[in-house]
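Position 121, counted from 1, in the sequence shown is what the working numbering calls 412; the numbers after and before it change by one each time, with no gaps. Heads up, the thing below is written out as structure tokens.
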Amino acid sequence: MAGEDIAGGPVGLLLNAAQIASWVHDYGPYIQASLDAPQSLEDLQSAAQGPARRGYDVHHIVEQASGRSGEIPTELIDSGENLVSIPILRHWELNSWYQTPDPAFIDGDGNPTTPREYLNGKGYDERRRVGLMGLRTVGVLK
292 MAGEDIAGGP
302 VGLLLNAAQI
312 ASWVHDYGPY
322 IQASLDAPQS
332 LEDLQSAAQG
342 PARRGYDVHH
352 IVEQASGRSG
362 EIPTELIDSG
372 ENLVSIPILR
382 HWELNSWYQT
392 PDPAFIDGDG
402 NPTTPREYLN
412 GKGYDERRRV
422 GLMGLRTVGV
432 LK
């Protein structure tokens with residue numbers, strides 16, 4: 292409920308200001324991180340090896356699901372080469388990209404498919420190529 296709904300006038304404005312300050316404190320790092328310019332792969336990998344940063348997720352270039360399914364060895368999936376630190380809001384965009392049909396990925400019938408569906412049964416190198424493509428598409432990787 293907005294501060295002015297609880298108490299009108301100056302008290303309501305003060306309560307609204309406190310709510311806004313709380314929101315900025317909680318969500319500001321996510322917004323700030325999402326404004327990062329694209330970075331080199333080396334910089335994204337280095338950031339993933341350091342301490343966790345507010346507003347960022349560690350992302351697996353080759354998705355973890357391929358390791359859990361046994362298609363790709365777990366040691367490759369969890370290697371530093373496969374881990375990058377990316378803004379959380381961009382990570383959400385990337386997850387959406389993986390689930391959206393794209394004309395760059397064609398199924399056996401010649402229809403656009405999602406990157407995730409396209410990657411079924413593909414090897415590490417192709418999964419990595421598509422993973423890097425996704426990072427470029429959402430503006431995280433130079």
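Don't be surprised by glycine CBs; every beta carbon is placed ideally from N, CA and C.
Buried/exposed call for L385, threshold 16 Cβ in 10 Å: buried
Exposure label - T404; buried when at least 16 CB within 10 Å: buried
Reduced DSSP category for S376 - H, G, I as helix; E, B as strand; rest coil: strand
The stretch 383 to 400 touching the stretch 418 to 430, judged by at least three CB pairs closer than 8 Å: yes
Closest Cα partner of R344 within the set Q323, S370, L432: Q323
For V431, the first and last residue of its enclosing alpha helix (DSSP H): Looking at the DSSP string, V431 is not in any alpha helix (DSSP H), and its letter there is neither H nor E.
Where the beta strand (DSSP E) through P394 begins and ends: 393 to 397
Buried versus exposed, by CB contacts within 10 Å (16 or more), R359: exposed
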